[in-house]
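Numbering (the UniProt record's numbering), first residue to last: 1 to 184. Every residue gets a Cβ at the ideal spot worked out from N, C-alpha and C, and that includes glycine. Quick caveat: nothing in here was measured; it's all calculated off a predicted structure. A quick write-up on the structure given underneath.
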Amino acid sequence: MPRGGPRGNKKTHKGQRRHFTDESEMKHAQEKEERQKEWRRKQGIESEEEEEEDGKEAVKETKGAAAPGDLPPSSSEEDSDDESDRHKGVEHLIEVENPNRMKGRAIKKVTELEGGKTELTRREREEIEKQQAKANYQKMHMAGKTDEARADLARLAIIRKQREEATKKKEEQKAKEEAAKKKS
1 MPRGGPRGNK KTHKGQRRHF TDESEMKHAQ EKEERQKEWR RKQGIESEEE EEEDGKEAVK
61 ETKGAAAPGD LPPSSSEEDS DDESDRHKGV EHLIEVENPN RMKGRAIKKV TELEGGKTEL
121 TRREREEIEK QQAKANYQKM HMAGKTDEAR ADLARLAIIR KQREEATKKK EEQKAKEEAA
181 KKKS
């Protein structure tokens, strides 16, 4: 075991390339998410994130509305709400985008979207042609139009003749034997 090295199932990422996400891709992904949220709102579909946000808003509204019999909020409770809204330093002024943020789905090119029929790769096209040629050959073979089919049929015809001759010889042999038995 190396001193100070990883122990157990931990994996080090030393020696790997750094990965930075393009700013335009991140903006595009955020805009797409906003469009999806807007579409969900129009359709009446709520995601888990929106439900959580609605729950937080409902809690704030209940805090704001005083029920009869409730005591007025103390100054410390009001200050805690204000503190969460206040920012420290200049961090809120600087927009930071995480370069390692995960990308959304792959962006399709305009040509891919418009073209309804995609072209097959060379291997796919050759595979389809091969299957079609094989099916055509089988059809021709069954019809007896190929050289192999003709040769097979000729061979079968010869075998049939040989078998017919063999059965005739057996019948003649049996007839001779029966005739010999009747004479004896």
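Supposed close pair residue i, residue j - CB separation, criterion 8 angstroms
| i | j | result |
| --- | --- | --- |
| G104 | K32 | 6 angstroms |
| G144 | L153 | 6 angstroms |
Nonlocal neighbours in the same chain, by C-beta distance under 8 angstroms from residue i, ignoring five residues either side
| i | result |
| --- | --- |
| F20 | P99 and N100 |
| Q16 | none |
| Y137 | T146 |
Beta-carbon spacing of residue i, residue j below 9 angstroms
| i | j | result |
| --- | --- | --- |
| E97 | E34 | no |
| M142 | A149 | yes |
| E25 | I107 | yes |
Buried or exposed by the 16-neighbour rule on C-beta atoms within 10 Å, applied to residue i
| i | result |
| --- | --- |
| M1 | A caution first: M1 carries a pLDDT of 48, below 50, which makes its placement in the model too unreliable to give a value. |
| T118 | exposed |
Residue i CB to nearest heavy atom of the ligand ZN below 8 angstroms
| i | result |
| --- | --- |
| A29 | Of the ligands one can find in the structure shown there are none, so the ligand ZN has no counterpart to examine. |
Close beta carbons around residue i, own chain, < 7 angstroms, minus the five adjacent residues each side
| i | result |
| --- | --- |
| R123 | none |
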